[in-house]
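Chemist: Chains as they are written, first to last, in the working numbering: chain A, 69 to 258; chain B, 69 to 258. The beta-carbon is built from N, C-alpha and C at its ideal position, and this holds for glycine as well. Computed from a predicted model, the values in this text were never measured in an experiment.
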DNA sequence: CGGAAAAAGGAACACTGTTAACATAAGTAC
DNA sequence: GTACTTATGTTAACAGTGTTCCTTTTTCCG
């Protein structure tokens, strides 16, 4: 049980240092002083180890969004705060964000179909958008469509930030702020 | 010279079938009936082969955007058409879009710094946004900021579409249309 | 203390990218 | 036409990856 946690800790560090491509089960084994087969006593395979690492990050991610949400008072402010927290998470943990929402989205905690409303992080977004909707600030759009527009909007900035240096000039957080405000403005007038 | 093209053709097919992770130089060699070292006579390494494949796709991509741009008459319509073409490209060639704009953005033809205005695809966008700006439809935003908002907005939808099945319900093209219109509406009123 | 169970290791298989050394075909200069 | 150069290709190997089978060591407990 102690070893399992140690393996996860080392794996987490390697993921952040080397990214998903350099996330090696053998290297995790070597850095802990064990052989690869020992890792297989605690994890089914490489994906299982990765998923274990990511589970804690999905929880952190949801907590960060929830904390930001609570600091604001009105629906507009809540969503802007969530967007900022979202983008900060991505910029501060680019390798983690990449594997979570780009490279291995299949491994995420976000279920498919209708049930993914109950995902912790997505739930925080949905509730704030519902409040925006109740305040009459989503125009002709339903809650789900508005939420997806907001999410994909900020996700686009985050993806660009963690995949290239193209936003270095304009500034990822600045662009995120502009894009977030602009999306909400569009909803308001649409 | 004939072999070089054959290698690129096979490599392109394998990329589309297996994705970037399954893009294997050895497999390219085997499917063409040669040994791996023969591939190295025509390409410096795996990345060089990949870049050669992607170069043609970047050209196709720019052509698709340009063609869509020419079909519309006003700035608004041009950008909506570009967005639709952009998203259709991503959905029709998900593995290619992934490696171009997510997994290996460093290999793209988009230069860093200020010079990437001259990138063919980005140029098509910039010119349409400039027209939008000249028509007074970008609010208080400058051309570059507006262009990045539009790009990251549609990129967010595309990234979500090619990385998960989360947009299957709402429909990627529908969400792209909504998000595109909403971004332009926000700019108009901002 | 001895046997069962758990933990760890060794060795191998099938892949991957990559390189060095070697063989062979093609074409050219004399 | 012969000798030399160049292009083209192969063989073999190294280092790395995930994974599995089999064996060994350690631990625990009756």
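Taking the C-alpha atoms as reference points, what is the distance between residue 188 of chain B and residue 157 of chain B?
Modeler: Going from the Cα of residue 188 of chain B to the Cα of residue 157 of chain B covers about 16 Å.
Chemist: So which residues on chain A does residue 250 of chain B lean against when the C-beta distance must stay under 7 Å?
Modeler: Result: 217, 251, 254, 255 and 258.
Chemist: Pick helix, strand or coil for residue 103 of chain B, following the three-state DSSP scheme.
Modeler: Residue 103 of chain B falls in the coil class under three-state DSSP.
Chemist: Does residue 92 of chain B have its Cβ less than 8 Å from a Cβ in chain A?
Modeler: No, residue 92 of chain B lies away from the interface with chain A (no Cβ there is under 8 Å from its Cβ).
Chemist: Thinking C-alpha only, which one of A:84, A:198 and A:100 is nearest residue 144 of chain A?
Modeler: When each option's Cα is compared against that of residue 144 of chain A, the closest is A:198.
Chemist: Is it true that the CB of residue 167 of chain B sits closer than 8 Å to the CB of residue 153 of chain B?
Modeler: No, the pair does not count as a contact, with Cβ atoms beyond the cut-off.
Chemist: If you draw a straight line from the alpha carbon of residue 159 of chain B to that of residue 165 of chain B, how long is it in whole angstroms?
Modeler: Cα to Cα, the separation comes out at about 8 Å.
Chemist: Have a look at residue 176 of chain B and residue 234 of chain A and give me their C-alpha separation to the nearest angstrom.
Modeler: Each residue's alpha carbon lies about 12 Å from the other.
Chemist: Starting from residue 251 of chain B and walking both ways along the alpha helix (DSSP H), at which residues does that stretch end?
Modeler: 240-257 is the extent of the alpha helix (DSSP H) around residue 251 of chain B.
Chemist: Is DSSP giving residue 137 of chain B helix, strand or coil here?
Modeler: Residue 137 of chain B: helix per DSSP, three-state reduction.
Chemist: Name, please, each residue of chain B whose Cβ falls closer than 8 Å to the Cβ of residue 238 of chain A.
Modeler: Within 8 Å Cβ-Cβ: 212, 213 and 216.
Chemist: Among A:116, A:88 and A:87, which has the Cα closest to the Cα of residue 75 of chain A?
Modeler: Residue A:116 is the option with its Cα nearest to residue 75 of chain A.
Chemist: Straight-line CA distance for residue 174 of chain B to residue 232 of chain A?
Modeler: Cα to Cα, the separation comes out at about 7 Å.
Chemist: In whole angstroms, what is the alpha-carbon distance linking residue 186 of chain B and residue 195 of chain B?
Modeler: Whole-angstrom Cα-Cα distance: 11 Å.
Chemist: Would you report the Cα separation of residue 12 of chain A and residue 90 of chain A, rounded to the nearest angstrom?
Modeler: Absent from the structure is residue 12 of chain A, since the part of chain A shown begins at 69 and ends at 258.
Chemist: So residue 220 of chain A packs on residue 224 of chain B, CB below 8 Å; how close in whole Å?
Modeler: Between residue 224 of chain B and residue 220 of chain A the Cβ distance is about 4 Å, and since that is below 8 Å, they are a contact.
Chemist: According to the Cβ coordinates, are residue 214 of chain B and residue 255 of chain B closer than 8 Å?
Modeler: A contact, by the Cβ cut-off of 8 Å.
Chemist: How long is the line joining the alpha carbons of residue 190 of chain B and residue 79 of chain A, rounded to whole angstroms?
Modeler: Roughly 38 Å separates the two Cα atoms.
Chemist: Residues in the same chain with beta-carbon distance under 8 Å from residue 248 of chain A, minus the five sequence neighbours each way, listed in chain order, please.
Modeler: So the qualifying residues of the chain are 147, 148, 151, 152, 218, 221 and 222.
Chemist: State the Cα-Cα distance for the pair residue 142 of chain A and residue 206 of chain A, rounded to the nearest angstrom.
Modeler: If you take the alpha carbons of residue 142 of chain A and residue 206 of chain A, they lie about 14 Å apart.
Chemist: Taking 8 Å as the threshold (beta carbon to beta carbon), is residue 228 of chain B in contact with chain A?
Modeler: So yes, residue 228 of chain B belongs to the interface.
Chemist: In three-state DSSP terms, what is residue 108 of chain A?
Modeler: Of the three classes helix, strand and coil, the one that applies to residue 108 of chain A here is helix, per DSSP.
Chemist: Quick one: does residue 173 of chain B have its CB under 8 Å from some CB of chain A?
Modeler: It does: the Cβ of residue 173 of chain B has a partner Cβ on chain A nearer than 8 Å.
Chemist: For the alpha helix (DSSP H) containing residue 220 of chain A, list its first residue and its last residue.
Modeler: Element bounds for residue 220 of chain A: 211-231.
Chemist: With the cut-off set at 8 Å, would you say residue 227 of chain A and residue 170 of chain B are in Cβ contact?
Modeler: In this structure, residue 170 of chain B lies closer than 8 Å to residue 227 of chain A by Cβ.
Chemist: Grouping DSSP H, G and I as helix and E and B as strand, with all else coil, what is residue 206 of chain B?
Modeler: Three-state result, residue 206 of chain B: coil.
Chemist: Residue 225 of chain B touches chain A at which residues, Cβ-Cβ below 9 Å?
Modeler: Chain A residues near residue 225 of chain B: 216, 217, 220, 221, 223 and 224.
Chemist: Against chain B, with Cβ distances strictly below 8 Å, would residue 203 of chain A count as a contact?
Modeler: No, no contact with chain B.
Chemist: What's the gap between the Cα of residue 86 of chain A and the Cα of residue 163 of chain A?
Modeler: So the two alpha carbons sit approximately 8 Å from each other.
Chemist: Residues in its own chain within less than 7 Å of residue 71 of chain B by CB, not counting five upstream and five downstream?
Modeler: Contacts found: 110.
Chemist: Please classify residue 210 of chain A as buried or exposed, where buried requires at least 16 other C-beta atoms within 10 Å of its C-beta.
Modeler: Its Cβ having fewer than 16 others within 10 Å, residue 210 of chain A is exposed.
Chemist: Could you round the C-beta distance between residue 240 of chain B and residue 229 of chain B to whole angstroms and report it? I think they count as a contact, below 8 Å.
Modeler: With a Cβ gap of about 4 Å, residue 240 of chain B and residue 229 of chain B count as contacting.
Chemist: So, helix, strand or coil for residue 87 of chain B, using DSSP?
Modeler: Note: residue 87 of chain B maps to coil in three-state DSSP.
Chemist: In terms of alpha-carbon separation, which member of A:136, A:120, A:103 and A:258 lies closest to residue 192 of chain A?
Modeler: Residue 192 of chain A has its Cα closest to that of A:136, out of A:136, A:120, A:103 and A:258.
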